[in-house]
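First comes the structure, then the notes that go with it.
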Amino acid sequence: MSERVAVSAVVEGPDWCAPGLDYRGGRYPLGVEAFVLNMVDTLVPGLSTLTEKARYFSLYWALAAYAEECEWDRTRCRMALRRAEVAVAWASLSSAADEDSAAGRTSHGADRVAKIVAAGDVARLTELGDDSYSPRAWGFWSQYRGPAVVLGIVSTDRDALRSGSRSCPPAIRAMFRPLLDIVVDRPVTQADLAEVEPLTRISIDDPDLAPLRDVLTATAGGTHDPDAWTPNDGTRRSTLRIMGRAVQRRGDETSWQRMLTDAVVYGGDLTADPVFSQEIERAEAWRGAILRHYSVGAWRSLWSALVEAVSTAGEPVSRDELHDWMRAGISGESVREFLAGCPDVLDRHGSPAPAEQEVWDLLDRIERNLAILLFGSLRVEQLSGLTLSAFVGNRAASRGQILDPSWVSRRRGEFYDRPLADFACALVDDMLAQAHRVSLRKLSASGGRMVLRTKLHEMNGRYFATGSEGSGNVGLRAAQLGIVASQIGLFDLDDESIRTTDLGHALLNLPR
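Those letters in the sequence shown? Residues 365 to 876, per the working numbering, in order.
Below, the structure written as structure tokens:
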């Protein structure tokens with residue numbers, strides 16, 4: 365970047381007082397992720413991006429019933445819960461099943477437990493604090509709590525675990541009773557691990573899997589009665605049926621997300637498929653949400669590249685220098701010409717074509733992300749119905765969001781016959797303005813000091829970075845759903861393919 369101004373020192377304030385402003389990184393610097401995250405929350409109720417171990421749902425189901433029976437308060441619940449999580453993690457270190465595959469892994473925190481045990485400091489395994497198996501006070505329950513409550517297997521009363529709307533089956537109570545009888549009195553020891561170890565292995569005949577299958581697939585005795593389940597249960601079942609059909613159509617693909625995308629987004633007319641047509645509302649919602657997910661990923665990647673450019677410049681840079689950086693990696697053609705050279709976004713039948721996937725092999729990072737954003741702007745005009753609503757929201761009731769596909773569509777209209785580089789520079793300005801708005805929105809006070817959550821800062825018209833930004837996209841929970849469903853016996857997977865089991869066919873009512 366040209367004409368840089370050397371900075372020999374950064375003035376933080378007088379030596380006789382502490383700085384009044386702390387800088388911290390924020391998770392979502394552009395604020396473009398919320399729409400997709402909310403859509404995924406709606407379409408996959410009862411699972412999160414951090415819940416991919418089915419056995420933990422059984423553990424908390426049993427523990428909640430035990431806690432209610434014994435009338436534990438929150439302190440007693442937390443102590444027993446932490447001891448139980450340590451027990452499962454420690455016992456899994458000797459379990460071959462924990463080494464086989466993602467579908468067989470059943471223990472959270474095993475790595476930290478192994479290090480603490482190797483250091484000979486077993487006594488601090490369950491203690492509260494950063495040096496224990498988990499720095500969080502409630503351990504891994506923190507990431508299962510919301511999903512477990514949605515599933516109806518646990519409720520809480522002032523943080524104390526209690527039974528949910530679906531009572532814990534006697535078989536699951538009996539399965540975990542020996543462990544819970546130990547942790548109610550004391551932490552587990554090396555001598556207890558042999559008794560706990562079977563809980564770290566998953567087998568199709570384990571007594572907890574049938575009840576978990578019933579809850580996750582919204583069935584009882586192998587039959588789905590819509591009136592017996594909540595709307596969330598019905599939505600989860602619909603998503604599992606859609607996933608099951610995607611496995612049938614694209615089982616040669618081993619990426620759950622790619623398989624779901626190929627079948628639902630780029631698989632042609634949804635009404636022509638016997639399962640997708642039955643689940644048309646959720647199938648169309650998945651199509652829109654996944655297409656919007658591409659746009660979110662493009663914004664995150666562009667922002668990451670911009671912050672990286674600032675960070676590696678060695679000194680603060682101006683907005684013009686950021687424009688020069690952006691122009692350096694872009695061809696001289698117009699936006700119109702650029703789009704004409706890109707893959708088609710519709711197939712010959714008018715369904716979405718995999719343009720977002722195809723540009724990965726055709727373009728470098730900057731132009732690829734620009735292309736994906738422009739594809740999204742075109743899809744605003746091509747999609748309809750529930751798919752459009754899942755892509756950009758209810759356009760009649762909303763003015764849209766900053767940096768959403770409608771925003772890019774208007775930018776495309778402004779720059780259509782102008783150089784692509786000018787369009788890209790306008791997006792740089794949009795990102796800088798939006799990142800500033802987001803950081804101010806997250807401004808907070810802590811200990812009498814202001815906390816500004818951002819990694820890119822502006823001072824006197826020049827920008828400097830205090831860290832790098834991740835370029836990865838947010839999750840769609842497809843992998844978590846597929847892994848948990850595999851653990852409970854709906855799917856069978858290996859290194860080359862994924863298949864729907866006979867049990868999966870029956871419970872999800874899939875065609876042969």
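Note that the Cβ used here is the ideal one computed from N, Cα and C, for glycine as well.
In this structure, V514 is the residue among V514, A487, G757 and N824 with its C-alpha nearest to the C-alpha of T415. Under the three-state reduction of DSSP, D485 is assigned to coil, being neither helix nor strand. Distance from the Cα of A842 is smallest, within the candidate group S458, S619, G714 and P718, for S619.
When C-alpha distances from G846 are compared across G834, E833, S832 and T864, the shortest belongs to T864. L634 carries a helical assignment under DSSP once its states are collapsed to helix, strand and coil.
In the three-state DSSP reduction, D856 falls in the strand class (E or B). A direct Cα-Cα distance of roughly 50 Å separates Q642 from G493. Scanning its chain for C-beta atoms nearer than 6 Å, with the 5 sequence neighbours on each side dropped, one finds around A444 the residues V547 and V548, in chain order. Burial of K819 is indicated by the presence of at least 16 other C-beta atoms within 10 angstroms of its C-beta. Distance from D781 to S665 at the Cβ level is roughly 26 Å; contact not present, criterion being Cβ atoms closer than 8 Å. With contacts defined as CB atoms closer than 7 Å, V639 and R605 qualify as a contacting pair. Look at V815 here: in three-state DSSP terms it is strand. Going by beta carbons, L563 and A428 fall outside the 7 Å limit.
Between P393 and A799 the beta-carbon gap is near 5 Å, inside 8 Å, which marks them as a contact. Across the structure, L726 and A649 are spaced so that their CA atoms are roughly 29 Å apart.
Below 8 Å, enough C-beta pairs join the region 650 to 662 and the region 743 to 760 to call them touching: three or more. Contact between R656 and V400 holds, since their C-beta atoms are separated by about 5 Å, short of 8 Å. The straight-line gap separating the alpha-carbon atoms of R550 and E561 is approximately 18 Å. In the DSSP secondary-structure assignment, T581 is not bridged to any residue. Distances from the alpha-carbon of D521 to those of C441, S682, V628 and G598 put C441 closest. S770 sits close to V744, with the two beta carbons spaced by under 7 Å.
Taking C-beta separations shorter than 8 Å and ignoring five residues to either side along the sequence, the partners of A717 in its chain run Y630, P707, D708, V709, L710 and D711, following chain order.
Counting C-beta atoms within 10 angstroms of its own C-beta, K417 has 16 or more neighbours from the protein chains shown and is therefore classed as buried.
In summary, S506 is exposed, with fewer than 16 beta-carbon neighbours lying within 10 Å of its beta-carbon over all protein chains present.
Within the model, the alpha-carbon separation for V628 versus G608 is close to 11 Å. C-alpha of D637 to C-alpha of A610: approximately 11 Å in a straight line. Between V396 and V660, the C-beta spacing is below 7 Å.
Cβ contact annotation for M690 (same chain, cutoff 6 Å, sequence separation greater than five): A788, C789 and V792, in chain order. Annotation: W425 to V681 spans about 54 Å, alpha carbon to alpha carbon.
By the neighbour-count definition (other C-beta atoms within 10 Å, threshold 16), M823 is an exposed residue.
S529 has its alpha-carbon roughly 24 Å from the corresponding atom of L543. Cβ contact annotation for T594 (same chain, cutoff 8 Å, sequence separation greater than five): G516, in chain order. Here the C-alpha atom of S496 lies approximately 6 Å from the C-alpha atom of T490. As DSSP reads the structure, R826 sits in a beta bridge with S682 and M823. Fewer than three beta-carbon pairs drawn from the region 429 to 436 and the region 856 to 876 are found closer than 8 Å, and the two stretches are therefore not classed as touching. Counting along the chain, A524 sits inside the beta strand (DSSP E) bounded by residues A524 to S527.
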